[in-house]
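When you line the sequence shown up against this note's numbering, it's residues 3 to 308, in that order. Even for Gly, the Cβ is constructed at its ideal location relative to N, Cα and C. Written out below as structure tokens is the structure these notes cover.
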Amino acid sequence: MLRYTLRRLLQLVPVLFGVSLMTFAILHSIPGDPVAVLAPADATESDLQSLRAEFGLDQPLPVQYLVYVGNALQGNLGKSIRTRDPVTQTLLTRLQFTVQLTLLSILWGVMLGVVVGVVAAIHQNTWIDHTIMLTALTVLSIPGFWLSLMLLLLFAGILHWLPSSGVGTPQHLILPAVVIAHGAAAVIARFTRASMLEVIRQDYIRTIRANGIREFLVVYKHALRNALNPVLTIVGLQFGFLLGGSAIVETIFALPGIGRLMVNAINTRDYPVIQGGILMIAVTFVAVNLLTDLAYALVNPRIRYS
Numbered sequence: 003m004l005r006y007t008l009r010r011l012l013q014l015v016p017v018l019f020g021v022s023l024m025t026f027a028i029l030h031s032i033p034g035d036p037v038a039v040l041a042p043a044d045a046t047e048s049d050l051q052s053l054r055a056e057f058g059l060d061q062p063l064p065v066q067y068l069v070y071v072g073n074a075l076q077g078n079l080g081k082s083i084r085t086r087d088p089v090t091q092t093l094l095t096r097l098q099f100t101v102q103l104t105l106l107s108i109l110w111g112v113m114l115g116v117v118v119g120v121v122a123a124i125h126q127n128t129w130i131d132h133t134i135m136l137t138a139l140t141v142l143s144i145p146g147f148w149l150s151l152m153l154l155l156l157f158a159g160i161l162h163w164l165p166s167s168g169v170g171t172p173q174h175l176i177l178p179a180v181v182i183a184h185g186a187a188a189v190i191a192r193f194t195r196a197s198m199l200e201v202i203r204q205d206y207i208r209t210i211r212a213n214g215i216r217e218f219l220v221v222y223k224h225a226l227r228n229a230l231n232p233v234l235t236i237v238g239l240q241f242g243f244l245l246g247g248s249a250i251v252e253t254i255f256a257l258p259g260i261g262r263l264m265v266n267a268i269n270t271r272d273y274p275v276i277q278g279g280i281l282m283i284a285v286t287f288v289a290v291n292l293l294t295d296l297a298y299a300l301v302n303p304r305i306r307y308s
């Protein structure tokens with residue numbers, strides 16, 4: 003297990019290098035000058051040159067990239083062009099809230115998706131199964147921004163049960179978590195159903211049933227445990243997608259997460275914040291995938307890594 007973990011960690015190095023190189027190349031290939039966007043209207047060319055020198059934008063692109071990588075290896079992602087705050091500190095502050103929201107969303111999505119998927123599998127080809135799968139497909143097709151606005155209109159505007167925006171109480175996270183989790187729950191439900199159907203057709207499940215074991219134990223103790231490995235893969239991928247895809251939801255609900263920070267940084271061409279945010283999301287994504295792979299052995303003791 004330790005050797006496998008170390009090998010996977012070493013494999014992350016070229017992945018993160020590729021992410022940083024692609025992000026840097028794409029950002030600097032976009033026409034326009036970030037300093038000119040943020041500078042005052044009466045700024046002279048001398049003022050613009052001073053700002054470019056302050057942020058290292060007057061150097062050749064290869065030099066800028068090497069400086070960026072060297073500082074990143076030391077945990078320094080530069081400072082924001084717009085606010086001049088350290089990017090690392092800003093991202094860590096925002097990332098804490100986004101991870102909290104994502105964990106709540108994935109928890110809700112897993113609980114709902116697994117339960118619904120198991121129910122659909124044990125009622126295969128019945129009206130229950132068809133209703134659940136049709137509902138999952140419908141939910142998966144609903145755009146997040148539209149669902150956000152509808153939930154805001156209903157629960158905040160008409161019923162006044164929940165706050166419409168901001169942070170401060172657990173109630174502020176309910177609507178954003180539901181919006182973010184709805185797609186993940188539908189995907190997890192479909193994969194759980196497919197995996198459960200494959201497992202409950204195995205010979206050992208028929209043998210367990212023949213021994214008179216209660217159906218509840220057959221399904222949730224024996225079948226579900228062996229069906230969870232494919233579901234874990236989807237959960238790990240969904241966590242990464244939710245972490246990086248919460249920008250619209252955070253913007254609509256005025257949440258101080260990393261997604262909203264990235265949207266503002268893109269609008270103002272704040273290169274250090276954009277590069278640092280993408281790199282931090284990539285690190286989190288690959289770390290979650292590694293933890294997901296290691297969790298296989300916990301769910302299924304027959305799996306061993308060498």
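#1: Let me know if Y222 comes out buried or exposed under the rule of 16 or more other beta-carbons within 10 Å of its beta-carbon.
#2: Going by beta-carbon coordinates alone, are I190 and V116 separated by less than 8 Å?
#3: Please name the residue in Q277, S167, V275, L226 whose C-alpha comes closest to that of F193.
#4: Report the residue from E47, A297, G279, T294 whose alpha carbon sits nearest the alpha carbon of L18.
#5: Buried or exposed for I28, going by 16 or more other Cβ atoms inside 10 Å?
#6: For G58 versus Q66, is the C-beta spacing smaller than 8 Å?
#7: Where do the ends of the alpha helix (DSSP H) carrying T100 lie?
#8: Buried or exposed: which applies to M152, given that a residue is buried once 16 or more other Cβ atoms fall within 10 Å of its Cβ?
#9: Apart from the five residues on each side of it in sequence, which residues of its chain come closer than 7 Å, Cβ to Cβ, to L142?
#10: Can you name, in chain order, every residue of its own chain whose Cβ lies under 8 Å from the Cβ of A284, other than the five neighbours on each side?
#11: Excluding sequence positions up to five away, which residues of its chain have a Cβ less than 7 Å from the Cβ of A297?
#12: Might you give, ordered along the chain, the residues of its own chain that have their beta carbon closer than 6 Å to the beta carbon of L199, omitting 5 neighbours on each side?
#13: Please indicate yes or no: does the CB of L293 lie closer than 7 Å to some heavy atom of the ligand NAD?
#14: For N127 and L239, what's the separation of their Cα atoms in angstroms?
#15: By how many angstroms is the C-alpha of I260 removed from the C-alpha of Q61?
#16: Please determine, among I202, N73, F157, the residue with the shortest C-alpha to C-alpha distance to V180.
#17: Run through the stretch 241 to 301 for me and flag every whole alpha helix (DSSP H) of 4 or more residues, listed as ranges in chain order.
#18: Evaluate T140 with the Cβ neighbour count: other Cβ atoms within 10 Å of its Cβ, from every protein chain shown; 16 or more gives buried, anything less gives exposed.
#19: Using beta-carbon positions only, say whether V288 and S150 come within less than 8 Å of one another.
#20: Can you tell me where the alpha helix (DSSP H) with Q51 in it begins and where it stops?
#21: Near P165, which residues of its chain fall below 7 Å by C-beta distance, leaving aside the five closest residues on each side in sequence?
#22: Hey, out of V290, Y273, T294, whose CA is closest to L63's CA?
#23: Restricting to runs no shorter than 4 residues, where is the alpha helix (DSSP H) found entirely within the stretch 130 to 190?
Result, derived from the coordinates:
#1: exposed
#2: yes
#3: L226
#4: G279
#5: exposed
#6: yes
#7: 89 to 124
#8: exposed
#9: G185, A188, V189
#10: V17, L18, V21
#11: L234
#12: A123
#13: Questions concerning the ligand NAD fall outside what the structure shown contains, since it holds no ligand whatsoever.
#14: 28 Å
#15: 29 Å
#16: F157
#17: 249 to 254, 260 to 269, 273 to 301
#18: exposed
#19: no
#20: 47 to 56
#21: A158, Q173, H174
#22: Y273
#23: 146 to 153
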